[in-house]
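Heads up: the protein sequence lines correspond to chains B and R, in order. Numbered as in my numbering, the first sequence ends at 263 without a single skipped number. Numbered as in my numbering, the second sequence ends at 214 without a single skipped number. The beta-carbon is built from N, C-alpha and C at its ideal position, and this holds for glycine as well. As structure tokens, the structure follows; a few thoughts come after it.
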Amino acid sequence: MSNTQSDLPNVFTQDELGWAPWLEPLAESDLTDRHWTGLVDASRSKSPYFMLLAHDPEVLEARTRADKDIFYNPNGGLPRAERELSATATSRHNGCIFCASVHSRFASTHSKRRDDVQRLLDEGIGADLGERWNAVTAAAVALTDTPVDFGPDEIARLRAAGLDDFEITDVISASAFFNWANRLMLSLGEPVPAKAA
Amino acid sequence: MSHDLIDQVLSITPGSHLDQLRRHREVARENIQKAYDALFAPRDTNEVSLVERLAIASFVTGLHGQIVLADHYAHLLSTSEGGVAVAALINEEIERGTTEGPYGTYPAGPLASENKQGPLYAVAPANRTHLGLRLRVALEHAHLLVFRPRDASREALHGLINAGWSTAGVVTISQLVAYLAFQTRIVEGLSTLAATDVTAPRLPKVAPASAIA
């Protein structure tokens with residue numbers, strides 16, 4: 067590793083970051099059919115993150131397919147921007163600078179509310195983003211606390227903000243999923259400047 | 002109908018409101034179960050044994066205070082070969098390790114003002130020999146990931162390697178703890194949703210096929 071401590075990202079940002087593993091990912095020449103199946107998309111063999119997770123390909127495959135359905139399924143439910151907001155708030159609360167960078171960019175792209183998303187990154191989970199987004203953020207944060215602090219108040223606030231139960235389920239799934247993703251990203255490697263990725 | 006653990010612990014019946022909500026993301030629903038199967042009925046247990054998986058799962062769900070899941074894993078652990086003695090120790094360690102998260106420190110810089118201190122967990126000295134080095138270090142790593150994931154470090158990861166875990170084993174342990182952080186939250190979130198008044202449109206109630214008592 068050529069990065070020194072002072073090069074490493076130390077603030078939440080929507081800029082593109084890289085991520086470097088602390089353990090050895092598989093090499094493409096190591097991959098069997100079982101690993102390719104686990105990667106789901108062959109292009110993920112270019113990613114050190116997915117190539118590290120490919121050490122356990124069955125879990126990786128299930129994780130990836132759940133991820134895609136929770137975030138990309140266009141069939142109703144929560145607008146994509148707010149699924150990404152939920153992921154961003156979760157990552158902000160857990161302290162995952164890398165995950166927050168990726169998903170805040172998605173939230174901005176899909177909502178066209180880049181400044182509001184940036185306030186969540188800069189000011190933290192108490193930022194005032196308007197009641198609907200505040201309700202989504204508060205729910206994601208409460209679900210991210212350990213033990214979980216999510217209760218009827220969070221549901222009532224989401225409903226008051228206009229979310230139906232399909233949308234609320236997407237808030238729960240997106241936040242819960244980032245409690246999975248954050249722990250992998252935070253524990254298996256670290257964010258690095260984009261050029262070093 | 003194939004077995005689904007989340008349906009089981011939430012007592013979700015086919016056609017119920019929660020069932021409709023879950024089946025709206027059918028692929029996610031199926032793969033959440035497939036990840037569970039991959040972790041607890043794994044293709045091979047060379048890197049992480051089943052007792053080790055269940056001990057970590059019992060510990061992690063216990064730390065989350067998710068009673069139904071914690072009971073599920075504690076039961077599997079205590080009925081697995083060689084698991085009874087470990088189960089008793091895990092219960093002690095859950096009590097010892099219970100706290101509130103997330104806390105931890107940020108890299109030096111502006112975020113340092115958000116640093117939040119909390120307890121550092123280590124397995125009770127009296128339990129170290131019985132649990133063995135591998136499992137002891139894995140439990141301490143699990144506690145780190147549950148409560149203060151932003152304190153995870155290269156050194157912590159190498160502590161696992163030094164205790165005898167392979168790289169593949171570390172990946173599986175990391176997925177295990179991270180998955181359980183997810184699973185506990187899905188269960189908590191959906192059970193809370195189920196317990197509140199329903200305002201979303203629901204399918205009309207269908208009369209039973211046979212009304213004969």
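Suppose the cutoff is 7 Å on Cβ atoms and the five residues either side in sequence are ignored; what does the same chain contact list for Ser-157 (chain B) look like?
As a working mapping, residue 157 (chain B) is identified with position 91 in the first sequence. If we look at Ser-157 (chain B) and ignore the five residues flanking it on each side, its Cβ neighbours are Cys-165, Ala-166, His-169, Phe-244 and Asn-248.
Chain R partners of Ile-128 (chain B), CB-CB under 7 Å?
Here residue 128 (chain B) is taken as the residue at index 62 of the first sequence, counted from 1. Sequence inspection shows Ala at residue 128 (chain B); the Ile mentioned does not correspond to that position. Correct list: Asn-32, Lys-35, Ala-36 and Ala-39.
For the putative contact between Ala-36 (chain R) and Val-214 (chain B), defined by C-beta atoms under 8 Å, what is the C-beta separation to the nearest angstrom?
Looking up residue 36 (chain R) in the second sequence gives position 35. Looking up residue 214 (chain B) in the first sequence gives position 148. About 19 Å separates the two Cβ atoms, so there is no contact after all.
Would you tell me roughly how many angstroms separate the C-alpha atoms of Gly-142 (chain B) and Phe-232 (chain B), rounded to the nearest one?
Here residue 142 (chain B) refers to the residue found at position 76 of the first sequence. Here residue 232 (chain B) refers to the residue found at position 166 of the first sequence. The alpha-carbon atoms of Gly-142 (chain B) and Phe-232 (chain B) are separated by roughly 8 Å.
Going by DSSP, what residue range makes up the alpha helix (DSSP H) through Glu-124 (chain B)?
Start at 1 with the first residue of the first sequence, and residue 124 (chain B) comes out as number 58. Start and end: 123-138.
Counting only the same chain and skipping the five closest in sequence on each side, list residues whose C-beta sits under 7 Å from that of Gln-67 (chain R).
Stepping through the second sequence from its first residue, residue 67 (chain R) is reached at position 66. So the qualifying residues of the chain are Thr-185, Val-188 and Glu-189.
Can a CB atom of chain B be found closer than 8 Å to the CB of His-76 (chain R)?
Position 75 of the second sequence, counted from the start, is the residue given in the question as residue 76 (chain R). Answer no: the Cβ-Cβ gap between His-76 (chain R) and chain B never drops below 8 Å.
So Ala-157 (chain R) is in the alpha helix (DSSP H); what residue range does that whole segment cover?
As a working note, residue 157 (chain R) is residue 156 in the second sequence. 155-163 is the extent of the alpha helix (DSSP H) around Ala-157 (chain R).
Which partner residues does Leu-83 (chain B) have in the DSSP bridge list?
Along the first sequence, read from residue 1 onward, the residue named residue 83 (chain B) stands at position 17. The partner list for Leu-83 (chain B) (beta bridge, DSSP) reads B:Pro-259.
For Ala-208 (chain R), count neighbouring C-beta atoms within 10 Å of its own C-beta (all shown protein chains included) and say buried if the count is 16 or more, exposed if not.
Within the second sequence, residue 208 (chain R) is the residue found at index 207, counting from 1. With a pLDDT of 44 at Ala-208 (chain R), under the threshold of 50, the modelled position of this residue cannot be trusted; read the value that follows with caution. Ala-208 (chain R) comes out exposed.
What residues in its chain sit with their C-beta under 7 Å from that of Arg-54 (chain R), if we drop five residues either side in the sequence?
As a first step, residue 54 (chain R) is located in the second sequence; it is residue number 53 there, counting from the start. Here the set comprises Leu-40, Phe-41 and Leu-177.
From the DSSP output, in three-state form, read off Lys-178 (chain B) for me.
Looking up residue 178 (chain B) in the first sequence gives position 112. Coil.
Looking only at DSSP bridge pairs, what is Gly-105 (chain R) linked to?
Stepping through the second sequence from its first residue, residue 105 (chain R) is reached at position 104. R:Lys-117, per the DSSP bridge assignment.
If we count the other Cβ atoms within 10 Å of its Cβ and call it buried at 16 or more, is Gly-16 (chain R) buried or exposed?
Numbered from 1 along the second sequence, position 15 holds the residue referred to as residue 16 (chain R). Gly-16 (chain R) comes out exposed.
Leu-6 (chain R): which of R:Val-69, R:Val-52, R:Glu-48 and R:Pro-120 sits nearest, CA to CA?
As a first step, residue 6 (chain R) must be located in the second sequence, where it is residue number 5. Selected option, being the one with the closest Cα: R:Val-69.
Which parts of the segment 135-175 of chain B are runs of the alpha helix (DSSP H), unbroken and 4 residues or longer, counting only runs that do not cross its ends?
With a minimum length of 4 residues, the continuous alpha helix (DSSP H) runs that stay inside the segment 135-175 of chain B are 146-160.
Tell me, please, which residues DSSP counts as bridged to Thr-46 (chain R).
As a first step, residue 46 (chain R) is located in the second sequence; it is residue number 45 there, counting from the start. BP columns for Thr-46 (chain R) are empty, so no partner.
Spatial neighbours of Glu-48 (chain R) within its chain, please: C-beta separation below 7 Å, excluding the five flanking residues on both sides.
Residue mapping note: residue 48 (chain R) aligns to position 47 of the second sequence, counting from 1. So the list reads Ser-167, Ala-169, Gly-170 and Thr-173, once near-sequence residues are dropped.
Confirm, please, whether the CB-CB distance from Leu-186 (chain B) to Leu-286 (chain B) is below 8 Å.
Residue 286 (chain B) is absent from the structure shown; chain B starts at 67 and stops at 263.
Are the CB atoms of Leu-89 (chain B) and Leu-119 (chain B) nearer to each other than 8 Å?
To locate residue 89 (chain B), count along the first sequence from 1; it is residue 23. To locate residue 119 (chain B), count along the first sequence from 1; it is residue 53. Not in contact: Leu-89 (chain B) and Leu-119 (chain B) (Cβ atoms no closer than 8 Å).
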